[in-house]
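A.B. asks: Going by the numbering used here, the sequence shown wraps up at 88, each residue one higher than the last.
Quick reminder that beta carbons are idealized off the backbone N, C-alpha and C, glycines included.
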Amino acid sequence: MTTTPATGSDAVAEADRRFRLWMRQNLDRAAARFGLTVTGEPVFGWRNRSISALGDSSDGAPEDGPTLQSRPTAAASSSPRGPTSRAR
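(1) Provide the residue(s) that pair with G55 in DSSP beta bridges, ordered along the chain.
(2) Kindly give me the distance between the Cβ atoms of L27 and I51, rounded to whole angstroms, as I take these residues to be in contact under 8 Å.
(3) Report buried or exposed for V43, applying the criterion of at least 16 other Cβ atoms within 10 angstroms of its Cβ.
(4) Could you tell me if V38 is buried or exposed, where buried requires 16 or more neighbouring beta carbons within 10 angstroms of its beta carbon?
(5) Taking G40 as the reference, which of F34, V12, R24 has the closest Cα?
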């Protein structure tokens, strides 16, 4: 039995499906690393470039909002000293 390679939109749809599966696997690995359990349906960002989901911590306390993201947000990448303010 031979299979015909997907072409056009079928190939794009298959590539998107595989990429989304890979992103979901990354989310699961990150959750395990931080002792979290993914409890919500994953939400993909613009053009599948990010993924986030609700989760529970190991002590069972629900987390507020997205607990894991595959790429840092602006808040996560800000200065470790927090927001800066200018003296007047």
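C.D. replies: On the basis of the coordinates in this document:
(1) DSSP lists V38 as partners of G55.
(2) Cβ atoms of L27 and I51 come within 8 Å of each other, at about 5 Å.
(3) exposed
(4) buried
(5) R24
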